[in-house]
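Under the working numbering, the residues of the sequence shown are numbered 49 to 596, in order. Glycine included, every Cβ here is placed at the ideal spot set by N, Cα and C. All values reported here derive from a predicted model rather than from experimental measurement.
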Amino acid sequence: MNQRFLSFILAAGLFILLWFYIGTRFNLLPKPPPPKEPVETVETAPEPAEVKSAPSEPLAANPAPATAEAESESFEPVIERQKAVLSNELIQIEFDNLGGLVEDITLKAFSVSVKSTDRVHLVSPEDSKPGSAWVGKLDTSARLFEMEKVNNQEIRFSLKDQDWTLVKTFRLGEGYEVYCDVRLEGGNPEEVTMFVGQGLQPIGPKDYTSVSFLRGGSIPPKLTSVSWSVKGKEHNKPSAKIKPKSLEPTLEEPQSIEWVGLTDVYFANVFVPETEHLNFQTFQTTRVMGKEGKQQAVAGVALTGQSHVTGHFFWGPKDEKLVVQLDPKLKNIINYGWAGLLSKLFYKMLSGLYKWTGNWGWSIIILTMLIRLAMMPLTLPSIRSSLKMRAVQPKLEELKKKYKGDDLESKQKLTQETFALYKKEGINPFSSCIIMLPQLPIFIAYFSLLRTAISLRQSPWALWISDLSVADTTYVLPIIMGATMFLGQMATPMPSADPAQQKMMKLMPIFISAVCLGMPSGLILYMITSNLFQFAQSAIVKWRSNKA
């Protein structure tokens with residue numbers, strides 16, 4: 049009996065094990081519910097639900113204290129982080145409800161470089177982005193705003209505090225303008241500080257952000273400045289000169305500011321306020337690494353108003369015709385330097401030639417030839433005078449031998465006889481200066497134009513020159529320019545017989561070529577054309593002089 053009972057127990061146990069194995073293997077057994085884990089409490093708003101009336105019950109004389117669940121019903125709804133985009137044919141703007149600000153600005157018509165298809169972005173990856181705001185001393189950039197996209201061109205953000213509501217409205221125009229209204233509603237009146245932005249284009253590790261003599265003094269495209277206009281006069285301060293202080297008023301007293309913001313060589317992020325008598329603050333950080341391997345100064349701008357700041361942003365290219373059509377207040381946003389009037393004149397002439405040639409490079413060549421033709425009444429007499437001076441060098445050497453004494457009387461006599469000889473032969477000893485003086489302002493005006501005009505940015509000429517606004521990285525144009533300078537010296541030899549001076553003049557083309565390595569290709573093209581014109585002019589004058 050005991051043996052049979054033991055066999056039964058073993059068989060039953062084996063059956064149970066086999067049953068659990070088969071049931072588990074083929075999901076025949078119901079799975080037990082998972083063990084309950086402690087749930088972390090999160091303050092979230094209850095889902096909106098349909099409210100049903102409950103049967104009335106008598107109220108207790110001493111009501112129980114409110115529970116945590118009952119208290120949560122009075123909380124504001126939790127706001128999730130959201131982003132939205134407003135866009136037209138020219139610009140795309142990405143907004144973020146974290147701070148209710150502009151996260152990114154993309155210019156659809158402009159690429160970073162000729163070889164890149166990436167579009168230009170006008171928001172530096174730093175703090176204090178356009179539209180971020182302070183209420184009094186409270187920074188709202190870390191607060192989540194309620195976002196409402198009114199339509200495809202307008203978006204609204206609101207932030208509620210205990211006794212006030214901050215409302216921001218952005219409306220995209222047809223071009224590069226974005227209308228903005230930052231307003232504080234309710235509560236005690238507080239100052240509202242709205243940030244125009246910090247930095248401008250994002251600066252990468254290969255970007256130059258400062259002027260260098262080794263680059264020919266050329267202005268890097270991303271050299272950002274704080275710019276503003278008061279009473280029609282444009283003011284400009286480079287980022288490096290902005291003191292790293294925290295939001296201190298820039299003006300001694302609030303004034304009527306036409307516009308204020310950040311500009312670089314080609315683009316601008318400026319705000320045109322409608323609110324009068326605003327003051328603005330500047331600040332600086334040094335967190336962006338440039339090609340020089342050190343931290344670079346990045347400036348920021350903010351505007352402060354009594355409870356509101358209203359106006360419109362301009363995020364786009366510094367195109368004079370475009371900005372004047374948009375808003376006449378922005379007419380002085382483009383700064384050509386002290387040669388501004390001449391630069392503007394050249395730009396109008398180049399634009400006219402461009403309509404005919406369809407190429408900015410050929411337009412520069414033709415305009416340079418027209419300028420040299422207009423200067424011929426000054427240059428021809430100077431070239432003839434230089435050739436005559438070269439011819440009288442033997443007579444000058446005889447005078448030096450005749451009055452070779454070191455005493456004062458001999459030196460005065462030599463000077464008198466030399467000028468008498470110049471007068472007799474019709475020589476102007478300052479002829480070379482007469483040739484150079486008119487060329488200096490023309491050179492500066494061309495330089496300002498080629499590094500400032502957005503129309504010349506990424507404009508090709510021919511062969512390997514794909515961008516006239518940047519330096520020729522092959523260095524072919526600077527070398528050709530040095531060679532044309534040497535040809536000009538051969539056509540019009542230096543009249544002085546001093547070997548040291550002649551040697552120095554022969555080295556001058558090499559020195560000038562080295563200085564011009566970093567200058568815009570369009571400027572080098574102007575210099576090559578001018579040198580070749582002078583060479584041909586001098587050769588013709590010399591040939592006619594020898595024939596006579």
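Beta-carbon within less than 6 Å of serine 266's beta-carbon, same chain only, minus the 5 sequence neighbours each way: which residues are those?
These residues qualify, in order along the chain: Gly566, Met567.
Mind checking who glycine 364 pairs with in its DSSP beta bridge?
Answer is Ala316.
Taking C-alpha atoms, which residue in Gln249, Thr241, Thr213, Glu202 lies nearest to tyrosine 227?
Cα-wise, what sits closest to tyrosine 227 is Glu202.
On the three-state DSSP scale, how would you describe glycine 388?
Of the three classes helix, strand and coil, the one that applies to glycine 388 here is helix, per DSSP.
Looking only at its chain, what residues have a beta carbon closer than 8 Å to the beta carbon of isoleucine 588, apart from the 5 residues adjacent to it on each side?
Closer than 8 Å at the Cβ level, and outside the excluded window around isoleucine 588, lies no residue.
Would you report the Cα separation of isoleucine 576 and methionine 529, rounded to the nearest angstrom?
Those two C-alpha atoms are separated by around 5 Å.
Closer than 6 Å by C-beta to threonine 311: which residues in its own chain qualify, once you throw out the five before and the five after it? Chain order, please.
Excluding positions up to five away in sequence, the list reads Ser273, Ser275.
Give the C-beta separation of serine 514 and valine 168 to the nearest angstrom, bearing in mind that I take them to be a contact with Cβ-Cβ under 8 Å.
Not confirmed; about 17 Å, so no contact.
Can you name, in chain order, every residue of its own chain whose Cβ lies under 6 Å from the Cβ of glutamine 332, other than the five neighbours on each side?
Cβ neighbours of glutamine 332 beyond the five flanking positions: Ile290, Pro292, Ala345, Ala347.
When DSSP builds the beta bridges, which residues end up paired with tryptophan 509?
None, per the DSSP bridge assignment.
Quick one: grab the DSSP three-state call for glutamate 196.
The answer is strand: DSSP assigns glutamate 196 an E or B state.
Just list the residues that DSSP pairs glutamate 620 with in beta bridges.
As displayed, the chain neither begins before 49 nor continues past 596, which places residue 620 out of reach and without an answer.
Among Val278, Ile251, Ser507, Leu207, which residue has its Cα nearest to the Cα of proline 269?
The candidate whose alpha carbon is nearest that of proline 269 is Ile251.
To the nearest angstrom, how far is the alpha carbon of serine 180 from that of proline 237?
Their backbone Cα atoms lie some 19 Å apart in a straight line.
Return the residue from the list Pro253, Glu225, Asn145, Ser258 that minimises the CA-CA distance to valine 603.
Past the edges of the chain, shown from 49 to 596, lies residue 603, and the structure says nothing about it.
Leucine 155 lies in the beta strand (DSSP E); which residues open and close that run?
Taken as a continuous stretch (DSSP letters only), the beta strand (DSSP E) holding leucine 155 covers 149-159.
Is it the case that the Cβ atoms of isoleucine 475 and lysine 436 are separated by a distance below 8 Å?
The answer is yes: Cβ separation under 8 Å.
Going by Cα to Cα distance, which pick from Glu473, Asn136, Met397 is closest to leucine 155?
The shortest C-alpha separation from leucine 155 is found at Asn136.
Whole angstroms are fine: how far does the CA of lysine 472 sit from the CA of glutamate 465?
Spanning the two alpha carbons is a distance of roughly 10 Å.
So, using beta-carbon positions, are serine 507 and tryptophan 386 closer together than 8 Å?
No, the pair does not count as a contact, with Cβ atoms beyond the cut-off.
Within the same chain, show all residues whose beta-carbon is closer than 6 Å to that of methionine 242, passing over the 5 residues directly before and after it, in chain order.
The residues are Ala181, Val230, Leu351, Val357.
Grouping DSSP H, G and I as helix and E and B as strand, with all else coil, what is lysine 461?
Three-state result, lysine 461: helix.
Under 7 Å Cβ to Cβ from isoleucine 382, same chain only, skipping five residues before and after it: list those, please.
These residues qualify, in order along the chain: Lys366, Glu368, Thr500.
Using the C-alpha atoms, what's the distance from valine 524 back to leucine 186?
Using only the alpha carbons, I get a separation of about 57 Å.
Rounded to a whole number of angstroms, what is the C-alpha to C-alpha distance between glycine 147 and glutamine 246?
Going from the Cα of glycine 147 to the Cα of glutamine 246 covers about 15 Å.
Hey, quick one: how far does the alpha helix (DSSP H) through serine 434 stretch, first residue to last?
Serine 434 -> alpha helix (DSSP H) spans 424-439.
Quick one: measure Cβ to Cβ for phenylalanine 495 and threonine 532, integer angstroms, because I've assumed they're closer than 8 Å.
Actually they are not in contact, since the Cβ atoms of phenylalanine 495 and threonine 532 sit about 18 Å apart, beyond 8 Å.
As a quick exercise: from Ser399, Val244, Met556, pick the residue whose alpha carbon is nearest that of phenylalanine 362.
Per the Cα distances, Val244.
Start and end of the beta strand (DSSP E) containing serine 135?
Element bounds for serine 135: 131-135.
Once DSSP output is grouped into helix, strand and coil, what is the label at threonine 257?
Three-state result, threonine 257: coil.
From the DSSP output, in three-state form, read off glycine 566 for me.
Three-state result, glycine 566: helix.
Glycine 330 to proline 286, Cα distance in whole Å?
Contrary to the premise, residue 330 reads as threonine rather than glycine in this sequence. About 11 Å.
Nearest to lysine 554 by CA position, among Ala132, Leu535, Leu571, Val563, is which residue?
Checked all of Ala132, Leu535, Leu571, Val563; the closest Cα to lysine 554 is Leu535.
What is the residue span of the beta strand (DSSP E) that arginine 191 lies within?
Here arginine 191 belongs to no beta strand (DSSP E), and DSSP marks it neither H nor E.
Report yes if the CB atom of glycine 364 is closer than 8 Å to the CB atom of phenylalanine 315, and no otherwise.
Taking 8 Å as the Cβ cut-off, glycine 364 and phenylalanine 315 qualify as a contacting pair.
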